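Step one of this worksheet: look at the structure below.
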C-alpha cells in the first residue's frame with residue numbers, strides 16, 4: 002500500500018462521526034472489514050429491510066483504526082452507532098446493550114453462541130445477550146511456498162520451532178534475494194502467540210498480569226532477529242507508539258518469505274495474491290513449551306447508544322440465523338463461532354484450494370492453543386499488555402533502550418494502565 | 012448593489028439605536044464583541060478549563076463527573092525520574108523523549124527555516140529571470156495539505172520508494188530513510204522546512220519590498236559593500252518581520268504533529284515522537300485512554316507556548332523601543 006495512512010484519517014473522521022447519528026427506525030452499523038465482511042453484512046441488511054418495512058439499516062464501513070480509536074471515545078461520550086463490529090471484546094463490554102428481552106429465540110443464541118458469550122459479558126457470570134461472535138480467529142503464520150520451491154528448501158515440519166523457521170526462511174530469502182525472511186504484524190496480540198510458546202504465563206496464580214521469563218525470552222529473540230536482518234525492519238521500526246501495522250502487504254508484494262498474521266487474512270490473501278505465487282498457512286511454530294497462537298475474533302454487538310434497541314436486536318437475530326451466518330462465514334472464509342454450524346461444517350464454496358487448506362490448518366490449530374492463550378484473550382485489560390509490548394519492543398529494536406529495560410518498561414506501563422483503568 | 016447593501020445595513024440601525032439608548036455609548040462595544048466572545052469562550056476558554064480539570068483527575072472515564080480527583084498525581088507520573096540524567100529511569104520516558112525531540116526539532120527547524128527563508132527572500136527580491144515563476148515554486152508547497160505533503164514524501168522515502176529505486180538503478184544500496192532514527196529525524200526537519208518555507212519567505216519578501224529604495228541608492232553612492240548594506244540597512248529594517256517569522260515558526264515547530272504523524276508515525280521507536288503526538292497517543296490512541304495524563308502534558312505544552320509568546324512580546328517591544336530611539 003503506497004499511502005497507508007490516508008484511509009484511516011479521512012474515512013475515520015467522516016464515517017465514524019456519521020455513525021453516531023441515527024433516528025428511531027434506522028439502525029446504523031459501524032463495520033470494519035478485512036475482506037468482504039461489511040459487504041456481505043450490507044447485502045443481508047437489504048434483505049432485512051425487505052422483510053421489515055419501516056426499518057432502515059445503514060452499514061458504515063470504516064477503517065479498523067476507527068473501531069479501535071474512535072468508537073471507544075464516541076461511546077464514552079454517550080454517542081455512537083446502534084451496532085458495531087468490534088475486536089476489543091471485553092474492553093468495551095460496559096457499553097454493550099443487553100438485547101435478551103427483545104430476542105424472539107433466546108435459546109437459539111445460547112445454544113449456538115453460548116461458548117463465547119462470556120467474552121462479551123461486562124462481568125463474570127452475567128447472563129445477558131449483547132451480540133455474538135461474527136467469527137473465530139487464530140493468529141498464525143503464512144508462508145510463500147513458491148519462494149521455498151525456488152530456493153529448493155523444504156518446508157519445516159508441523160512441529161518445527163521458531164528457530165527452525167528462522168533458519169529455513171533465511172536460507173530462502175538469501176537464495177531468492179527476497180528483502181527479508183520474516184515479518185510479524187506490529188501487534189501485541191500477534192506477539193503473544195510466540196511468547197506463550199516460549200513459556201510466558203502472562204498471569205500469576207491470582208490472575209494478575211505479569212511479564213515473566215518466557216515473555217522476556219521472546220522479546221530478546223525478536224529484537225535479535227531484527228538485529229541480524231531476519232525480520233523485515235519496516236513493519237515494527239516503521240512506526241512509533243503502539244500503532245498497529247500489518248505485515249500482509251509486504252507478504253503480498255513478495256518482500257518476505259513468511260509472516261505472522263492470522264486466519265482473518267485468508268480471504269485477503271486469496272483475493273490479492275491471486276496467481277502471483279503459492280502461499281500456505283502453516284501450524285504455529287513451537288517455542289520451548291508450546292506451539293501456540295492466540296485465539297480471538299470479532300463480534301457484532303448492540304450498543305447502549307442505540308435509539309432503536311428493538312430493531313437492533315431484530316437485525317442481530319436476523320444475521321445470527323443459521324442461513325445468514327453460514328452465508329457470512331462461507332463468503333468471508335472465516336472460522337465460524339456458531340456451534341451448530343461448526344459441527345455441521347461449512348462449505349467454503351468461494352474459497353480456492355489454498356484458502357480451504359489454510360482454513361483447515363487454522364481449524365486444526367485450535368487444539369494446540371495453550372491455556373495461557375485463552376486466558377490472555379479473555380482478560381479485560383489485555384490491551385494494557387499488548388500496547389506497551391509494541392512500543393517498548395520497537396524502542397529496543399531501534400536501539401533506544403536495552404532489551405532488559407524494554408521488558409521492565411512493558412511491565413511498569415502495563416501495571417500503570419491497569420491501575421488507571423480500575424480507578 | 013451599493014443600495015442593496017446600504018438597505019441591508021440600515022435594517023439594523025433601529026436595533027443599535029435602541030441598544031445605545033439602553034446601554035449608553037460606552038457600553039455599546041460589548042454588543043459588538045459579545046457574539047465573538049461567546050464563541051471564543053465556548054470553544055477556547057471552556058476547553059482550557061476542562062483541560063485543567065482533567066489534569067487533576069484520574070481513571071479512564073471520559074465524562075468529567077465520573078473521574079476521581081487525584082491531585083497532582085498525573086504531574087508526578089509525568090515528571091518523575093529516579094535519575095534525571097538517564098531518561099530510561101523516568102516514569103514516562105517517552106514524554107521526556109518527546110520534550111527533547113521537540114526542543115531539538117524547534118532549534119534545528121526554526122534556525123534553518125529563518126536562514127533559508129531570508130536567503131530565498133533576498134534572492135526572490137532581486138530582478139532575476141522568471142522571478143514570478145520562482146516565487147510560485149517556493150510558495151506552492153504552502154498550499155498543500157500537511158497530510159498530502161507527508162504522503163508525497165513517504166512515497167518518495169519508503170523502502171521501496173522513488174529515492175531508493177533511484178539509488179538501486181545507480182548501483183547503490185537502498186537506504187532505510189524512515190526506519191533509522193537519524194535519517195527519519197533529518198527528513199522530518201527537511202519536509203517541514205520544504206512545506207512551510209514559502210510562507211515565511213513571503214512575509215520576509217513583503218518586508219524587503221517595504222524598505223525604501225533611496226536607502227540602497229544612498230548606500231550605493233557611499234560605495235557600501237553588499238554585505239555592509241545587508242548588515243546596516245536590510246537586516247535592521249527587516250527586523251520586525253524577522254521577529255514575526257521567528258516566533259511564528261517557533262510556535263508552529265512546538266505544535267508540530269500532522270506531517271510527522273503521517274510521515275513516520277513518531278518512529279522509529281520514539282525518534283520523531285513530539286509532544287503533541289505524545290498527548291494524542293496518551294489520550295486517544297492507546298485504547299486505555301489516559302485523559303488525565305494527556306491533559307497534564309498539554310498543560311506543560313501550554314506553559315511552554317505562553318513563555319514563547321511572552322518572549323515574542325518582549326522582543327517586539329524591545330525592537331519598537333530601539334526603532335523609536337534610533
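Residue numbers (my numbering), protein chains in the order written: chain A, 2 to 424; chain B, 12 to 337.
Ideal Cβ placement from N, Cα and C applies to all residues, glycine included.
Predicted model only: the values in this text are computed from it and were never measured.
By Cβ distance below 6 angstroms, which residues in the same chain neighbour residue i in space, the five residues on each side in sequence not counted?
| i | result |
| --- | --- |
| residue 218(B) | 249, 252 |
| residue 306(B) | 62, 65, 66 |
| residue 371(A) | 197, 291, 293 |
| residue 60(A) | 30, 32, 39, 42, 43, 46 |
| residue 335(A) | 136 |
Can you tell me where the beta strand (DSSP E) holding residue i begins and where it ends?
| i | result |
| --- | --- |
| residue 143(A) | 132-145 |
| residue 301(A) | 296-303 |
| residue 86(A) | 84-87 |
| residue 145(B) | Here residue 145(B) belongs to no beta strand (DSSP E); instead the alpha helix (DSSP H) covers 142-154. |
| residue 281(A) | 280-282 |
Name the two residues that bound the continuous alpha helix (DSSP H) containing residue i.
| i | result |
| --- | --- |
| residue 249(B) | 246-265 |
| residue 113(B) | 104-135 |
| residue 232(B) | 224-232 |
| residue 43(A) | 38-52 |
| residue 419(A) | 404-422 |
| residue 163(A) | 163-177 |
| residue 315(A) | 310-321 |
| residue 373(A) | 372-379 |
| residue 50(B) | 36-51 |
| residue 208(B) | 192-221 |
| residue 12(B) | Taken as a continuous stretch (DSSP letters only), residue 12(B) belongs to no alpha helix (DSSP H), as it is neither H nor E. |
| residue 99(B) | Residue 99(B) -> no alpha helix (DSSP H), and no H or E assigned at all. |
| residue 109(A) | 107-114 |
| residue 364(A) | 354-366 |
| residue 240(B) | 237-240 |
| residue 56(B) | First-last for residue 56(B): undefined, no H or E at that position. |
| residue 271(A) | 267-274 |
I'd like to confirm the pairing. Which residues does DSSP put opposite residue i in its beta bridges?
| i | result |
| --- | --- |
| residue 61(A) | 31(A) |
| residue 395(A) | According to DSSP, residue 395(A) bridges with nothing at all. |
| residue 246(A) | 187(A) |
| residue 294(B) | In the DSSP output, where bridge partners are listed per residue, residue 294(B) has none listed. |
| residue 80(B) | 68(B) |
| residue 210(A) | 204(A) |
| residue 259(A) | 144(A), 183(A) |
| residue 280(B) | 241(A) |
Excluding the 5 residues flanking residue i on each side, which residues of the same chain have their C-beta closer than 7 angstroms to its C-beta?
| i | result |
| --- | --- |
| residue 391(A) | 187, 188, 189, 243 |
| residue 162(B) | 273 |
| residue 132(B) | 212, 215, 216, 219 |
| residue 58(A) | 28, 30, 46, 49, 50, 316 |
| residue 30(B) | 39, 42 |
| residue 11(A) | With a pLDDT of 47 at residue 11(A), under the threshold of 50, the modelled position of that residue is not reliable, and the figure given next carries that caveat. Closer than 7 angstroms at Cβ, skipping near neighbours: no residue. |
| residue 396(A) | 402, 407 |
| residue 262(B) | 316, 319 |
| residue 55(A) | 26 |
| residue 388(A) | 189, 243 |
Would you kindly check if the distance between the Cβ of residue j and the Cβ of residue i is under 8 angstroms?
| i | j | result |
| --- | --- | --- |
| residue 439(A) | residue 174(A) | Summary: the structure shown does not reach residue 439(A), with chain A confined to residues 2 through 424, and so no result is reported for it. |
| residue 316(B) | residue 265(B) | yes |
| residue 186(B) | residue 175(B) | yes |
| residue 128(A) | residue 280(A) | no |
| residue 240(A) | residue 276(B) | yes |
| residue 37(A) | residue 383(A) | no |
| residue 183(A) | residue 231(A) | yes |
| residue 87(A) | residue 110(A) | no |
| residue 342(A) | residue 96(A) | no |
| residue 333(A) | residue 79(A) | no |
Note down, in chain order, each residue of its chain lying with its Cβ closer than 8 angstroms to the Cβ of residue i, except the 5 sequence neighbours on either side.
| i | result |
| --- | --- |
| residue 268(B) | 285, 287, 288, 291 |
| residue 13(A) | Unreliable placement is indicated for residue 13(A), whose pLDDT of 46 sits below 50; the coordinate value is still reported in the next sentence. Only 63, 64, 66, 67, 70, 71 meet the Cβ criterion. |
| residue 17(A) | With a pLDDT of only 48 at residue 17(A), under the threshold of 50, the placement of this residue in the model should not be trusted, and no figure is reported. |
| residue 243(B) | 230, 235 |
| residue 327(B) | 251, 254 |
Would you say residue i faces chain C, with C-beta separation under 8 angstroms as the test?
| i | result |
| --- | --- |
| residue 418(A) | Of the chains in the structure shown, none is chain C; the protein chains are A and B. |
Does the pairing of the stretch 140-147 of chain A with the stretch 263-275 of chain A give three or more beta-carbon distances under 8 angstroms?
yes
Within 8 angstroms, do at least three Cβ pairs link the stretch 54-73 of chain A to the stretch 288-296 of chain A?
The stretch 288-296 of chain A vs the stretch 54-73 of chain A: no contact.
For the stretch 208-221 of chain A and the stretch 350-362 of chain A, state whether three or more C-beta atom pairs, one from each stretch, are separated by less than 8 angstroms.
In the pairwise beta carbon analysis, the stretch 208-221 of chain A is classified as not touching the stretch 350-362 of chain A: fewer than three pairs are separated by under 8 angstroms.
Meets three-Cβ-pair contact criterion under 8 angstroms: the stretch 306-321 of chain A and the stretch 70-89 of chain A
yes
If we count Cβ pairs, one from each stretch, closer than 8 angstroms, do we get three or more for the stretch 222-239 of chain A versus the stretch 190-207 of chain B?
yes
Between the stretch 118-126 of chain B and the stretch 193-208 of chain B, do at least 3 Cβ pairs fall closer than 8 angstroms?
A contact exists between the stretch 118-126 of chain B and the stretch 193-208 of chain B.
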